[in-house]
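A.B. asks: Quick one: structure below, then a few questions.
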Amino acid sequence: MKLANRVLGQKLALLLATPTLFIAGAGTASAQPAATADAKETMAVRHFENVHFQKCLDADTNTGGDGGKVQLWTCGPWNQQEWDVWPDGHLYNMRFQKCLDADTNTGGDGGKVQLWTCGPWNQQYWTLRADGSIYNERFQRCLDADINTGGDGGKVQLWRCGPWNQQWWRW
0 MKLANRVLGQ KLALLLATPT LFIAGAGTAS AQPAATADAK ETMAVRHFEN
50 VHFQKCLDAD TNTGGDGGKV QLWTCGPWNQ QEWDVWPDGH LYNMRFQKCL
100 DADTNTGGDG GKVQLWTCGP WNQQYWTLRA DGSIYNERFQ RCLDADINTG
150 GDGGKVQLWR CGPWNQQWWR W
């Protein structure tokens, strides 16, 4: 009986200690990102190639500030075509260190897509969907290559999501 109580006591002690270890481990893990709050977690740096035009999502090198033009351009090794995908949905341009932004004044079909300083605004939250579309959370529209302007410098805009391959992107 004495031995059984001791074994039971050891098992109980182990059982009680286990949640403490997980809690302590979770606390340590969650404290680490807080210590590096300025550093952004990244998923991957990607190029986004439009399926219809076979051109890449590109930040115009002449307009890299807030309101900078986002366009289609022949795909290449240039960092204005590199987008860091953050876990929260931001698409961060590696050259200009700005985020892909849907202009709040033009959120309907044909709405402007631009570069803007990254912030907590939902017009900068994008979802990379399984069908290859890129969905804007605020305006509930997809990133669309204007069917009439598909060459270098072609317009990238918001448009209601549909089965059109100018809204499909490879990444």
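Start counting the sequence shown at 0; every next residue gets the next number (numbering that gives the first Met the number 0). Think of the CB as a built atom: it goes at the ideal place given N, C-alpha and C, for glycine as much as any other residue.
1. By the 10 Å Cβ neighbour count, where 16 or more other Cβ atoms means buried, how is Trp170 classified, buried or exposed?
2. Nearest to Gly88 by CA position, among Gln79, Cys117, Gly152, is which residue?
3. Give the single residue among Arg140, Arg137, Gln156 whose Cα lies nearest to the Cα of Ile146.
4. Based on the DSSP output, what are the partners of Ala58 in its beta bridges?
5. So, with DSSP's three-state summary, where would you put Asn92?
6. Would you mind working out which of Glu136, Glu48, His46, Gly161 sits nearest Gly106, comparing C-alpha positions?
7. Roughly how many angstroms lie between the CA atoms of Asp102 and Ala58, to the nearest whole one?
C.D. replies: Working from what's here:
1. Looking up residue 170 in the sequence shown gives position 171. Exposed, by the Cβ-count rule.
2. Sequence index remark: in the sequence shown, residue 88 carries index 89 (1-based). The option with the nearest alpha carbon to Gly88 is Cys117.
3. Reading the sequence shown from its first residue, position 147 is the one you call residue 146. The shortest Cα separation from Ile146 among Arg140, Arg137, Gln156 belongs to Gln156.
4. As a working note, residue 58 is residue 59 in the sequence shown. In the DSSP output, where bridge partners are listed per residue, Ala58 has Val69.
5. Translated into the one-based positions of the sequence shown, residue 92 becomes position 93. Three-state result, Asn92: strand.
6. On the sequence shown, position 107 is the one that residue 106 refers to. Checking every option, the nearest Cα to that of Gly106 belongs to Glu136.
7. Counted from its first residue, the sequence shown places residue 102 at position 103. Counted from its first residue, the sequence shown places residue 58 at position 59. So the alpha carbons of these two residues sit roughly 15 Å apart.
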